[in-house]
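Visitor:
2 protein chains.
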Amino acid sequence: MRAAERNEPQESSPSTTARITALLTAFRPGDDALGVSELARRTGLPKTSTHRLVRHMLANGLLERDGDAVRLGLRLFEIGQLATRQRGLVDAARPHLADLREATRNTVHLAVLEGTEVVYLDVLRGPDAPRLPSRIGGRFPAHATGVGKAILAYSGADVLDTVLAAGLRPVSKKTITSSAVLRGQLARIRDSGIAYDREESGVGVVCAAGPLLDGAGRAVAAISISGWSNRMRTDRIAPAVRTAALTLSRTVTLR
Amino acid sequence: MRAAERNEPQESSPSTTARITALLTAFRPGDDALGVSELARRTGLPKTSTHRLVRHMLANGLLERDGDAVRLGLRLFEIGQLATRQRGLVDAARPHLADLREATRNTVHLAVLEGTEVVYLDVLRGPDAPRLPSRIGGRFPAHATGVGKAILAYSGADVLDTVLAAGLRPVSKKTITSSAVLRGQLARIRDSGIAYDREESGVGVVCAAGPLLDGAGRAVAAISISGWSNRMRTDRIAPAVRTAALTLSRTVTLR
DNA sequence: CACATGCGTGCCGCTGAGCGGAACGAACCG
DNA sequence: CGGTTCGTTCCGCTCAGCGGCACGCATGTG
Chain A
1 MRAAERNEPQ ESSPSTTARI TALLTAFRPG DDALGVSELA RRTGLPKTST HRLVRHMLAN
61 GLLERDGDAV RLGLRLFEIG QLATRQRGLV DAARPHLADL REATRNTVHL AVLEGTEVVY
121 LDVLRGPDAP RLPSRIGGRF PAHATGVGKA ILAYSGADVL DTVLAAGLRP VSKKTITSSA
181 VLRGQLARIR DSGIAYDREE SGVGVVCAAG PLLDGAGRAV AAISISGWSN RMRTDRIAPA
241 VRTAALTLSR TVTLR
Chain B
1001 MRAAERNEPQ ESSPSTTARI TALLTAFRPG DDALGVSELA RRTGLPKTST HRLVRHMLAN
1061 GLLERDGDAV RLGLRLFEIG QLATRQRGLV DAARPHLADL REATRNTVHL AVLEGTEVVY
1121 LDVLRGPDAP RLPSRIGGRF PAHATGVGKA ILAYSGADVL DTVLAAGLRP VSKKTITSSA
1181 VLRGQLARIR DSGIAYDREE SGVGVVCAAG PLLDGAGRAV AAISISGWSN RMRTDRIAPA
1241 VRTAALTLSR TVTLR
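Given below as structure tokens:
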């Protein structure tokens, strides 16, 4: 067969690298340890190939044995820490986030955008805050979160197009599902420098977020404070969020 | 040209998995982004092969572009978080560690043993504590830390033999370098349930640590509090550490 | 300014590491 | 005790990985 055009949608890569990545990504938050057959099922790989790859990954510390099953290796945790450390973001933001939590007694977030979702780099939980589903290293649809909207407001049009093309999936009853409404909010965020989330990511939870901008004025990350809608006044804490975001923008860019 | 600086792992593994692992572990804490040639130099792989692998890893999100160079991908951070989450340790320990920091205003650690070193799973820095070199996801020789000695005291003889065979490398002027002294201390730790570090990991820094034990009485991790030697009385905080360690031991095992 | 050096990258023939269907022993279940 | 599913091994085929070679392009140096 003649391979006509080589448009690689990264979906069907028969390369060993893709297989290893598939195996690593097969682990989900709820899992403890997985067996070879289960991994083969999730990745779609033949069981024999899965078995061989698993053995290699065990030998290299990417996976660890747990009886007959395997789990993600500690080495991956070490590598993962270096991944964000290279951004310098987490270290720079930590003290500011700690101050924000201290002052508000609510939960603060640091997140970046990847594709159509935000990934939480840091989560500092506050004593008065609701038990949020956000998790360090976890994901959430960008359009349904304060940090996500803050980043989208200061990103290129192509980024927003990607998000809209993927569809505004609702995660709460008040999640924005209209692209027109979202565009309107993003414009207002650009005016005020603050993004609000009013029960769009979870019932009874509100949030104020601010973007961390680079020298060109594009968002590289965002921070936020989340709390109960009946206990936290978002307009009261907005100045603190905005101040911290501005300070961090300066710190991070001239690193 | 000397091959001394080379990474230590298995020398004769020409497998693709080993190469990918080598590339991932080529990144060190200080680095920002690395070029293909630098990666080839560190891993010992031919530059062409490095280039091809890097391209594959970029396509799969294991690496990310930064100009001409590459850095560890965000996906690795997500995977790394799942790696420790599967242990459940971090989540279970968090509140207890936070309490310990609150009570002592010093820095608390959660660490596990891997090989001859401890890996820090969590670090909560206290306002009164010295600026320690410990880092989440970072490593330190087990024999030179409180957490390390706490774990070694409740580990099998083979584990200790491995550590001794690797040599008791000094990291401070007071680091234990005699296997006899270390054995003696481990015996005393087993009696008291508490491990002390008296400036063995750093000048002016002391620490009290306690092991987290499984049902069989073997250490799976350890926690510690570190502070200035002239400001913190280790025997005063030892009971708190021991209590938290015992509570956590119970929580973690019957998860 | 010519030269040297090091970078990222593309080309291409060769080969052995990866591949996966088939099969096996050991649980586990109804 | 037949059926299912598990982890694991065997083995011949083949194509993905391999890496020497070379190019274009910045830098730096004599």
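Line order of the protein sequences matches chains A and B. Reading the first sequence from the start, the letters are residues 1 to 255 in my numbering. Reading the second sequence from the start, the letters are residues 1001 to 1255 in my numbering. Just so you know, even glycine gets a beta-carbon here, dropped at the ideal spot from N, CA and C.
Measuring only the C-alpha atoms, how far is residue 1075 of chain B from residue 1206 of chain B?
Guide: C-alpha separation (whole angstroms): 37 Å.
Visitor: At the 8 Å Cβ level, is residue 1018 of chain B part of the contact set with chain A, yes or no?
Guide: Closer than 8 Å: yes.
Visitor: Compare the beta carbon distance of residue 224 of chain A and residue 108 of chain A with 8 Å and say whether it is the shorter of the two.
Guide: Yes, the Cβ-Cβ distance between residue 224 of chain A and residue 108 of chain A is below 8 Å.
Visitor: Between the alpha carbons of residue 129 of chain A and residue 1060 of chain B, how many angstroms are there, rounded?
Guide: In a straight line, the C-alpha of residue 129 of chain A is about 36 Å away from that of residue 1060 of chain B.
Visitor: Hey, is the region 103-118 of chain A in contact with the region 134-151 of chain A, meaning 3+ C-beta pairs nearer than 8 Å?
Guide: The answer is yes - the region 134-151 of chain A touches the region 103-118 of chain A, with three or more Cβ pairs under 8 Å.
Visitor: In chain A, which residues lie less than 7 Å from residue 1119 of chain B when you measure between Cβ atoms?
Guide: In chain order: 74 and 78.
Visitor: How would you label residue 197 of chain A, buried or exposed, when you count the other beta carbons within 10 angstroms and need 16 or more for buried?
Guide: When all chains shown are included, residue 197 of chain A counts as buried.
Visitor: Spell out whether any CB of chain A is found under 8 Å from the CB atom of residue 1008 of chain B.
Guide: Interpretation of residue 1008 of chain B is limited by its pLDDT of 35, a score under 50 that renders its predicted location unreliable; the figure taken from the coordinates is listed afterwards. It does not: the Cβ of residue 1008 of chain B has no partner Cβ on chain A nearer than 8 Å.
Visitor: According to the neighbour-count rule (16 or more other Cβ atoms, all chains shown, within 10 Å of its Cβ), is residue 44 of chain A buried or exposed?
Guide: Label assigned to residue 44 of chain A: exposed.
Visitor: Measure the C-alpha to C-alpha separation of residue 250 of chain A and residue 1215 of chain B and round it to an integer number of angstroms.
Guide: Straight-line Cα distance between these residues: approximately 50 Å.
Visitor: With DSSP run on the structure shown, which of helix, strand or coil describes residue 125 of chain A?
Guide: The answer is coil: DSSP assigns residue 125 of chain A none of H, G, I, E or B.
Visitor: To which residues of the same chain is residue 1231 of chain B closer than 8 Å at the C-beta, ignoring the five residues directly before and after it?
Guide: The residues are 1128.
Visitor: Tell me the DSSP secondary structure of residue 1040 of chain B in three-state form.
Guide: Residue 1040 of chain B: helix per DSSP, three-state reduction.
Visitor: Compare the C-beta of residue 1060 of chain B against all C-beta atoms of chain A and say whether one is closer than 8 Å.
Guide: Closer than 8 Å: yes.
Visitor: Residues of chain B with CB under 7 Å from residue 114 of chain A, in chain order?
Guide: Going along chain B in sequence order, the residues near residue 114 of chain A (Cβ under 7 Å) are 1074.
Visitor: Just to make sure I have the definition right: I need the residues of chain B whose C-beta is within less than 8 Å of the C-beta of residue 84 of chain A. Which are they?
Guide: Residues of chain B passing the Cβ test: 1074 and 1077.
Visitor: Please report the straight-line C-alpha distance between residue 1235 of chain B and residue 1172 of chain B, rounded to a whole angstrom.
Guide: Roughly 22 Å separates the two Cα atoms.
Visitor: Can you determine whether any heavy atom of the ligand SAH sits closer than 7 Å to the C-beta of residue 154 of chain A, and answer yes or no?
Guide: Although the ligand SAH was asked about, the structure shown includes no ligands whatsoever.
Visitor: Does chain A have any CB closer than 8 Å to the CB of residue 1021 of chain B?
Guide: Yes, its Cβ sits closer than 8 Å to a Cβ of chain A.
Visitor: Between the region 1012-1027 of chain B and the region 1046-1066 of chain B, do three or more beta carbon pairs fall short of 8 Å?
Guide: As far as the Cβ criterion goes, the region 1012-1027 of chain B touches the region 1046-1066 of chain B, which means the pair count is three or higher.
Visitor: Is residue 8 of chain A helix, strand or coil when you go by DSSP?
Guide: Bear in mind that a pLDDT of 31 at residue 8 of chain A, under 50, signals an unreliable position, so the number given afterwards is only what the model happens to contain. DSSP places residue 8 of chain A in coil when its eight states are reduced to three.
Visitor: Nearest to residue 1051 of chain B by CA position, among B:1077, B:1019, B:1177 and B:1080, is which residue?
Guide: Comparing Cα-Cα distances from residue 1051 of chain B to each of B:1077, B:1019, B:1177 and B:1080, the minimum goes to B:1019.
Visitor: With 8 Å set as the bound, which would you pick, yes or no: does the beta-carbon of residue 1137 of chain B sit closer than that to a beta-carbon of chain A?
Guide: Chain A, which has a Cβ nearer than 8 Å to the Cβ of residue 1137 of chain B, makes this yes.
Visitor: Taking DSSP as the reference, what is the three-state secondary structure of residue 1189 of chain B?
Guide: Of the three classes helix, strand and coil, the one that applies to residue 1189 of chain B here is helix, per DSSP.
Visitor: Determine the burial state of residue 1003 of chain B: buried for a count of at least 16 other Cβ atoms within 10 Å of its Cβ, exposed for fewer.
Guide: Note that residue 1003 of chain B has pLDDT 34, beneath the 50 cutoff, so the model's placement of it is unreliable and the number below is only indicative. It is exposed - the Cβ of residue 1003 of chain B has fewer than 16 other Cβ atoms within 10 Å.
Visitor: How many whole angstroms separate the CB atoms of residue 1057 of chain B and residue 16 of chain A, which I take to be in contact at a CB cut-off of 8 Å?
Guide: Their Cβ separation, rounded to whole angstroms, is 11 Å, which puts residue 1057 of chain B and residue 16 of chain A out of contact at 8 Å.
Visitor: Determine the direct distance from the alpha carbon of residue 1047 of chain B to that of residue 1121 of chain B, and round the result to whole angstroms.
Guide: Their backbone Cα atoms lie some 34 Å apart in a straight line.
Visitor: Would DSSP call residue 27 of chain A helix, strand or coil?
Guide: Of the three classes helix, strand and coil, the one that applies to residue 27 of chain A here is coil, per DSSP.
Visitor: Checking contacts by CB at 8 Å: is residue 1049 of chain B closer than that to chain A?
Guide: Chain A contact via Cβ: absent.
Visitor: Take every Cβ of the region 1177-1194 of chain B, pair it with every Cβ of the region 1236-1247 of chain B, and state whether three or more of those distances are shorter than 8 Å.
Guide: Output reads yes: the region 1236-1247 of chain B touches the region 1177-1194 of chain B.
Visitor: For residue 1278 of chain B, report the span of its alpha helix (DSSP H) as first-last.
Guide: Any question about residue 1278 of chain B goes unanswered here, given that chain B covers just 1001 to 1255.
Visitor: Give the single residue among B:1239, B:1238, B:1167 and B:1219 whose Cα lies nearest to the Cα of residue 1089 of chain B.
Guide: Residue 1089 of chain B has its Cα closest to that of B:1219, out of B:1239, B:1238, B:1167 and B:1219.
Visitor: May I ask you to list the residues that DSSP assigns as paired with residue 303 of chain A?
Guide: Because chain A in this structure spans residues 1 to 255, residue 303 of chain A falls outside the shown range and cannot be described.
Visitor: Are the beta-carbon atoms of residue 1241 of chain B and residue 1208 of chain B separated by less than 8 Å?
Guide: Yes, the Cβ-Cβ distance between residue 1241 of chain B and residue 1208 of chain B is below 8 Å.
Visitor: Quick check: residue 175 of chain A and residue 144 of chain A, are their CB atoms within less than 8 Å of each other?
Guide: Yes, these two residues count as a Cβ contact at 8 Å.
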